[in-house]
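Chains as they are written, first to last, in this note's numbering: chain A, 211 to 557; chain B, 211 to 557. Idealized CB from N, CA, C, for every residue including glycine.
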DNA sequence: CTGTTAGCGCCTTCAA
DNA sequence: TTGAAGGCGCTAACAG
């Protein structure tokens, strides 16, 4: 039914105001002198029609759209929503529209969004968090980085390494390796020697970096490789819980759980509580990220703070201000001692 | 430095393939017969240049952009991120780009985004959660709803009432009133007679509806109006904590806290724990929303489940499928009994 | 200070 | 099955 009437255009406004379309354009953009009386007539006409500019027509000329793409795994994961917030804290002061795309951790979905964003002539695109290490994916990423650069846009890798061979992209580094290292050293100092490590999904840049950090630190602190058990999950709370339940039912012997993100650490807390195992008296738990709720669970989670919001803001600044390949470092990671980790029991 | 080369266009592809631009357009859109051999040459040229279509040029013709706007207060609030996830679960199966805009609960920011989205010829816009009750804002909302309708687009109110006088918008209703009612009745049944109610910001549709639900239920259960103390916060965890700390320091007498959202309820839990007050033995706490972490705090939060993800999905379906005024109801709210509420102490 | 003109990249008739 | 031509709404020269 809806007979869509033609939208009101600059021309409509112009004829009502009795001026040329160019003049209307000038008052709207305001970067050109226009007589006050004419401006007033134009503005009256704009209000009369409730006229709003058509970005597409303008984008056709400038080859820019005012869109900043943000590609991440899942908005409802606090890690990502904090980063997204950081991004939006900088776009809010501009006319940029931050477009948040959820991939559900699917690399192909990521590629699809990249293409879609390219199609929209996004002024820049930020890729947040872990990425696939698969060569095909990495290759496609490089292709898109170059394509975006050719469009005068920029691809920014936020919290994941630049794929080898890209010079066309920007990056905001975060010390994933150092984060787990810090956590593992902390546990070692507390006397823990048998550790359950909850890793993320395989073939994933962050999983790899965090695992390497943990294992490297364990080695340095003389914890035998066979005493750290690595189990892979999907970074969800549920997955952390299941992993620990399995370990428990297998009778695995450990005095500490090091989860590669806070969500899994919280899952671990739940599993331990249900099994009647005291935290931190019997088992210590340490997470990574320091998402807001980490402070509110019981016992409050000891974790390593990653500067999530700052990462987002830094990536956004790189994207909107510099608009050319470069890199920034996020602030250093930091151990946050709360209640879930304590000296190992000596039984 | 970056000398932005002209982007590759349909014409470039056409000349490399030795065909007319019209033909390229036809193979790209695929809704028109093209000889297989020509199609192959065209596709080769597309790949050769890594050509991607320009949405703006197309939008200029179709007056549609493939953008679905989602305006909400804060992505990092679990309530909103769950709704956003629901929206994206439906857009993921389409070529629509969901654009998430954070207003920080500022109605003027909301209006600004609405305008920006209109400028982008968004196919539809979803307004999530509470809105201002201020007449000026409501009037502007109506204006935008009509403007969007005129553009062949649609404004959908998700979880907030339609402003009076709009017929140009869609709506997904959620029973805010019923939610607090349920919670209050639950507390009354448990024998609580002196209640601290943690409300949201004033002049806000959700605050009003939830408060009315709570107060109405209290009255029905014969709880005197003076026995329910209402304090207004900003829906953050911190605010819930502060409100309870204040109440405690004033020596306010209450046996239960009813928070108008889970985040504030969690803040209340923290304040109570710090004050050495046992939950639920000495004071019961009930929240509203049932955000994912509600189950993971200690004690696990008793709350009323709002179908957040379903609301988002329903709104998105309304927006993309029907594209015309109408309304859907979200599933009913539901009391989730966990550990934070128990019979009132009888001292 | 203001009007005229010529496209930006694509799609859609209309012809061939 | 394909090509040619016009125009979507706006802005950036270029005149005046």
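Check: Quick one: is residue 407(B) buried, meaning 16 or more other Cβ sit within 10 Å of its Cβ, or exposed?; Outcome: buried
Check: Does DSSP classify residue 261(A) as helix, strand or coil?; Outcome: coil
Check: At the 9 Å Cβ level, is residue 211(A) part of the contact set with chain B, yes or no?; Outcome: Any reading at residue 211(A) is ruled out, since the residue's pLDDT is 33, under 50, leaving its predicted position unreliable.
Check: Can you pull the DSSP bridge partners for residue 379(B)?; Outcome: 365(B)
Check: Using a Cβ-Cβ cutoff of less than 7 Å, which residues in the same chain neighbour residue 352(A) once the five nearest sequence positions on both sides are dropped?; Outcome: 373, 375 and 376
Check: Cα-Cα, which of 541(A), 484(A) and 428(A) is closest to residue 437(A)?; Outcome: 428(A)
Check: Excluding five sequence neighbours on each side, which residues of the same chain lie with their C-beta closer than 7 Å to the C-beta of residue 392(A)?; Outcome: 514, 543 and 545
Check: Using 9 Å as the limit for Cβ to Cβ distance, is residue 314(B) near chain A?; Outcome: yes
Check: So if I threshold CB-CB distances at 8 Å, which residues from the segment 433–450 of chain A count as touching chain B?; Outcome: 447
Check: So is residue 214(A) in contact with chain B if we call contact Cβ pairs under 9 Å?; Outcome: Per-residue confidence for residue 214(A) stands at a pLDDT of 47, beneath the threshold of 50, marking its modelled position as unreliable; no derived number is given.
Check: Hey, residue 496(B) and residue 469(B): beta-carbon distance below 9 Å or not?; Outcome: yes
Check: Check the C-beta distance from residue 420(A) over to residue 390(A) and give it rounded, since I have them as a contact under 8 Å.; Outcome: 4 Å
Check: Could you tell me the distance, in whole angstroms, from the CA atom of residue 243(A) to the CA atom of residue 236(A)?; Outcome: 8 Å
Check: Output the distance between the C-alpha atoms of residue 219(A) and residue 480(A), rounded to the nearest integer angstrom.; Outcome: 59 Å
Check: Run the CB neighbour count on residue 424(A), radius 10 Å, all protein chains shown included, and call it buried at 16 or more, exposed below.; Outcome: buried
Check: Under three-state DSSP, which class holds residue 221(B)?; Outcome: helix
Check: Kindly list the residues whose CB is nearer than 7 Å to the CB of residue 213(A), restricted to its own chain and excluding five residues on each side of it in sequence; keep chain order.; Outcome: Only weak support exists for where residue 213(A) lies, its pLDDT of 41 falling under 50; the value from the coordinates is given anyway. Result list for residue 213(A): empty, nothing under 7 Å.
Check: Since residue 307(B) contacts residue 384(A) with CB under 8 Å, what's their CB separation in whole angstroms?; Outcome: That pair is no contact at about 27 Å.
Check: For residue 325(B), does the three-state DSSP call read helix, strand or coil?; Outcome: helix
Check: Since residue 281(B) and residue 313(B) are thought to touch, with beta carbons under 8 Å apart, how far apart are those beta carbons, to the nearest angstrom?; Outcome: 6 Å
Check: Measure from the C-beta of residue 365(B) to each C-beta in chain A and report whether the shortest distance is under 9 Å.; Outcome: no
Check: Using three-state DSSP, classify residue 480(A) as helix, strand or coil.; Outcome: helix
Check: So, does the segment 266–278 of chain A touch the segment 337–347 of chain A, judging by three or more C-beta pairs under 8 Å?; Outcome: no
Check: Under 9 Å, do residue 411(B) and residue 453(B) count as touching if we go by C-beta distance?; Outcome: no
Check: Looking at chain A, which residues of the segment 397–411 of chain B have a Cβ within less than 7 Å of any of its Cβ atoms?; Outcome: none
Check: Where residue 503(A) and residue 552(A) are concerned, what is the direct C-alpha to C-alpha distance, given to the nearest angstrom?; Outcome: 20 Å
Check: For residue 254(B), count the other beta carbons within 10 Å of its own beta carbon; 16 or more makes it buried, fewer makes it exposed. Which is it?; Outcome: exposed
Check: Just how far apart, CA to CA, sit residue 473(B) and residue 450(B)?; Outcome: 7 Å
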